[in-house]
Structure formats: structure tokens, C-alpha cells
Amino acid sequence: MSTSKSKTSGRRGEPGDPCAVAIFGASGDLAKRKLLPAILNLRRSGLLRDEFAVIGLATSEMTNEAFRERVAGDLRIFAPQDVDTDLWKWLSERTYYIPGNFRSPDLYSRLAEGLRDLETRHGTLGNVVHYLATPPDFFGDIVERLGEAGLTAETPESFRRVIIEKPFGNSYDSARELNARLLKTVAEPQIYRIDHYLGKETVQNLLVFRFANGIFEPIWNRRYIDNVQITVAETVGVEQRGRYYEQAGALRDMVPNHLLQLLALTAMEPPSSFEAESVRDEKTKVLRAIQPMSAEEVLVRAVRGQYGAYRAEPRVSPESQTETFVAMKLLVDNWRWADVPFYIRTGKRLAAQHTEITITFRRPPHRLFADTEVADFAPNVLVLHLQPDEGISLTFEAKVPGPVVKTGGVEMSFNYADHFGRTPRTGYETLLYDCISGDPTLFQRADSVETGWSVVEPVLDVWRALPARAFPNYAAGTWGPKDSDELLARDGRAWRRITS
Ligand code: BG6
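Just so we're aligned, residue 209 is where the sequence shown starts under my numbering, counting upward by one.
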């Protein structure tokens, strides 16, 4: 029935296909905080069949029973909703564990045996999702070993898919190499590259907002839009991730993936259908249209920052040159967006935890109210709020009541939770369900990942060649270095003031 040809049947709310999910890195943070709670949430919503099973793989020796106990304890802490007895019984009856070294072929023969066993015991039909929730240096090895053990070969009756977590490479070349390496063992339709931002509800809603409403698309272009701002601000620092972050930095960690995905969904052309490949084609096309920056342009259009106490964080060098903040001005060279700047910024230890996309419209062309009290007025601003509260707001000018003609900025706003209620989720439910149902729309294709890296590559090159002189250059709890404000001030603009 299945193989990895893309399907969209899952969107109609049918339970995912029978399958086993093998989680590599089962004792890691991602598995316990996100994946296992997401599996339970999917079952609670009726989206997983009884013909389902989980095999956790990690290095520590443990029995199935000990693993189940550990999962039960983790779920008590991390599941976003209480786990009732029936639900836990359902999961624990189909949860297994295999200890071993991810690079040793022996682990894979035991996995093959385990999966065969699940087919009989749980009716998983030979369908398998291999979830690589491991550090990135294992990705290539695991997929090769899976291939050697015959665990990636699909048949007309059963699919074999591989979910690859972020980071996918750390440069354009390394992403290409990893793609080439994976593609020797598995075909592109079997690879599901995760960008967890695409699992966020409002991010997906961007497509609905733009393309299921008739009124926005006609004004979604350079004639009406002055600039677009994308902010992903975090208040947390690097916490215990110093070792990874020292190598990555804010640019690699956030821009080629999360921020560019937000940009792509905001700027892409309407796809001709909601089929995975139409959507992914348009996203990739718009990323390709981002104007490449010369070294001189990088110096003017890219800003880096490091927060005050960063160098004192665990596993961070006291002379660290790693950026914890980045802001950039990007231009999209196509008919829709020519000359409309896309300002993007992200950073750690900023003033608020807040993710938003701000669309600022052009002012009216004729100053009708020039002879009145209304000297000037603010442009219309549409804000898509993604985190922590999800919603959409639009500011516009209204007349202040009274005989004198005066205007004031007012806001129309829509909050998801008020209308649809709050559904506690981990953000991985949709992604897991889509993979199990064979719908790759929300996953990154090889060309899209490579294009993302090619956008940031010139900045990585210049920053590597010219170490930052003034680090640290912003105090924790602020909006980043002053160069970030200057980046917009030079164009006569300013970042939207975020007050929450
Ligand atoms: C991850 C980055 O991909 O995304 C982290 O590695 C970052 O550094 C995180 O904190 C942000 O995700 P979210 O969902 O909390 O906005």
C-alpha cells in the first residue's frame, strides 16, 4: 500500500498508517521532552492506530521494562497534558528498547530482528520510520548501517522513512556532502528533514492566511508593502549547550533553517496546489531569489552581536568570537519583491521571548489631511505573532472622536487561544503524523536546505575572516547591539517595538 511516494491523505484526519518508529537517541532530551509526549498526543487525538510500536535505541544497557519505567517518569514531567492510565497502557504495551553503539553493525541486526518481531506482534506491516534524534555526526553512519542491514529497502507493501533532525550540515558544502551521502542509501522521498518551526501551528497557518483569504494576496507585493521584519527573540542564553553553540553561533543555529523558512512562507508565490512538491518548489524558488551578498555588502547588511555574560557560560571560551545575535537585510530579486527589504533578526538573552513576522505597508500616496491637525500618520502594520502567543493583528488609523480632525493608531487583533482554545502540544505532533502518513510538505527537501546554506555562506566567510572586534557588544535583556538598530535607521526605518 505505502512506499514513500508523497501522500496528503493524513490531512483529512485519518489515523496514520500502521508502523514502527525507531528512535535513535531515545534517552536524549528531544525524545523525552518532545517525541514521546507527541506520540501520546497523537494517540489521544485518534491519529495513531493500534498497529503501532516504538523502539528506543541508545547506548545505555537497559531492559524493555526499565525503559518503559523511565519513559513513564519522563512523561509525568514533560507531557503537556496528564497521561491517563489507559493511554499509558496503550503506549507501554508497544514500547521496546535496544541498547547498542550506533556505529556497530550488531545493533542493526538486533534492530532488524526487533522490527520483524513487531510486525507479528503489533501488525506494523513492515512500515518503519527511523527517527535520528542524535548528534549530527551520527546521521551519515546510521543511515549507511541501516542500509547495509536492509532496513531502508522499501517494498510495494511497506515504507521505510528516515527523519533527520537539525542541524543538517554546518555549511553549504557539508550540507551537500551529507545529502549526497544519504542519497546513496535512501531516495529523496524517504528523507524527512525536520525544521521544527514548520511544525508550529501559526507557521503552517501562514499558508492558510495568505492563500485561503482573497483579500491579502492582491496587496502582498512591492506596490503595497514597504518592508518585512522577522524577529525570533529568545530570553534564554546558551544554557548547557555551550559546546555545540560555540561551533554553531546564532547564524548557523537559526538562520538557514528557521528564519529562512519563515521568510520563504511569507514571500513564496502561491503554489498551484497543496501537493507537497508544489509547495516545496515555490519555497525553494523564493529562497533562490534572495540576492547573494558580496563581501562588501556583508559588512553593511549583516550585524552580529554577543551578549555580556556569554563568555562566562559553561563550555564557552573566555575569548569566544561566537555570535549570539544576528540581524540581516535581505533582498528578494523577483517581480513581487524587488527593492522590498526583508530585515531578519534573532538572538539569545534578548528583552523578550517573542517570534513575529511584521509586514509594514506603504503609506497612502496622497496626503489628504495635510491642512488639518493630522500631520503624519503611521503606516498600516500587519503582525503575525508566532510565539509565545499566537495571533494576528493589524494596526490602522482611526479618527479621534470630536470636531477636530485628528487620528490615532488603533489595533484589530485576533488571538488563536481565544477563538480555538489552547491545545497543549509539543510542536512535533504534526511532523510525526505527516511522516507516518507520507506527507513531506512540512519537511525540507535537499535543494531547499542547500539553498538556505548558500544564502548565509558569504556571511560565514566574511565573519570567519574578520573576527568581531567589539564582542561582547550587547547587554543581556536588551534588543541586541546598536548596529542592529542602525541597520534599519540607515534606510529610514526602525524595528517594530515589541513590548511583551
Ligand atoms: C533550535 C536552536 O533549533 O531552536 C535553539 O538550536 C533555539 O538554539 C530553538 O533555542 C528555538 O526554538 P523555539 O521553538 O523555542 O523557538
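Backbone N, C-alpha and C define an ideal beta-carbon position, used for all residues, glycine too.
Fair warning: this is a prediction, and the values are worked out from it, not measured in the lab.
Straight-line Cα distance separating residue j from residue i
i: Leu299; j: Glu477; result: 42 Å
i: Leu238; j: Leu340; result: 10 Å
i: Gly555; j: Val548; result: 23 Å
i: Arg672; j: Val508; result: 16 Å
i: Ser601; j: Thr563; result: 14 Å
i: Arg496; j: Glu490; result: 10 Å
i: Leu333; j: Leu390; result: 24 Å
i: Val540; j: Val591; result: 20 Å
i: Val506; j: Leu470; result: 21 Å
i: Arg575; j: Gln412; result: 38 Å
i: Glu454; j: Pro609; result: 56 Å
i: Thr363; j: Ala484; result: 22 Å
i: Thr410; j: Ile567; result: 15 Å
i: Cys643; j: Leu326; result: 19 Å
i: Glu301; j: Asp258; result: 10 Å
i: Ser217; j: Pro648; result: Low confidence applies to Ser217: its pLDDT is 45, below 50, so where it sits in the model is not reliable, and the reading given next is rough at best. Approximately 12 Å between the Cα atoms of the pair.
i: Pro596; j: Ala280; result: 28 Å
i: Ala510; j: Thr707; result: 25 Å
i: Ala395; j: Gly224; result: 21 Å
i: Leu695; j: Arg571; result: 21 Å
i: Pro689; j: Asn681; result: 6 Å
Nonlocal neighbours in the same chain, by C-beta distance under 6 Å from residue i, ignoring five residues either side
i: Phe679; result: Gln514
i: Val494; result: Ala472, Ala475, Met476
i: Met209; result: Summary for Met209: the model assigns pLDDT 42, below 50, so the residue's position carries little reliability; its value from the coordinates is reported in the next sentence. Around Met209: no qualifying Cβ.
i: Gly377; result: Ala383, Leu386
i: Arg698; result: none
i: Pro479; result: Ser486, Val487, Glu490
i: Phe651; result: Tyr400, Arg401
i: Pro587; result: Thr568, Phe569, Arg571
Simplified DSSP assignment, three categories, for residue i
i: Asn429; result: coil
i: Arg368; result: strand
i: Ala441; result: strand
i: Lys374; result: coil
i: Lys607; result: strand
i: Arg278; result: helix
i: Tyr339; result: strand
i: Gly599; result: strand
i: Leu354; result: helix
i: Tyr682; result: strand
i: Asn421; result: coil
i: Asp584; result: coil
i: Leu255; result: coil
i: Gln181; result: Outside the shown range of the chain (209 to 708) lies residue 181, about which nothing can therefore be said.
i: Asp294; result: helix
i: Asn435; result: strand
Residue range of the unbroken alpha helix (DSSP H) whose run includes residue i
i: Met462; result: 450 to 462
i: Ser382; result: 380 to 393
i: Lys493; result: 484 to 496
i: Lys690; result: 690 to 697
i: Tyr515; result: First-last for Tyr515: undefined, no H or E at that position.
i: Val534; result: Premise fails: Val534 lies in the beta strand (DSSP E), 533 to 539, not in any alpha helix (DSSP H).
i: Ile644; result: 637 to 645
i: Gly334; result: Here Gly334 belongs to no alpha helix (DSSP H), and DSSP marks it neither H nor E.
Per-residue burial, residue i [other beta carbons within 10 Å of its own, 16 or more giving buried]
i: Arg401; result: buried
i: Asn249; result: buried
i: Trp543; result: exposed
i: Tyr432; result: exposed
i: Met536; result: buried
i: Arg512; result: buried
i: Ser525; result: exposed
i: Gly457; result: buried
i: Gln437; result: buried
i: Lys408; result: buried
Close beta carbons around residue i, own chain, < 7 Å, minus the five adjacent residues each side
i: Phe286; result: Lys240, Arg241, Pro245
i: Leu459; result: Glu531, Val534, Val664, Val667, Leu668
i: Arg418; result: Phe424, Glu425, Trp428
i: Leu468; result: Leu495, Gly660, Val663
i: Ser656; result: Arg488, Lys491, Thr492, Leu495
i: Met462; result: Val440, Thr554
Start-to-end residues for the beta strand (DSSP E) that takes in residue i
i: His562; result: 562 to 569
i: Glu619; result: 615 to 623
i: Thr303; result: 303 to 307
i: Leu590; result: 589 to 595
i: Thr554; result: 549 to 555
i: Ala261; result: 260 to 266
i: Ala472; result: Premise fails: Ala472 lies in the alpha helix (DSSP H), 468 to 475, not in any beta strand (DSSP E).
i: Ile231; result: 227 to 232
i: Val399; result: Correcting the residue identity first, residue 399 is Ile in this sequence and not Val. Run containing Ile399: 399 to 401, per the beta strand (DSSP E) assignment.
Spatial neighbours of residue i in its chain, beta-carbon cut-off 8 Å, leaving aside the 5 residues before and after
i: Tyr380; result: Glu658, Trp661, Ser662, Glu665
i: Thr342; result: Phe232, Gly233, Gly236, Phe310, Ile350, Glu373
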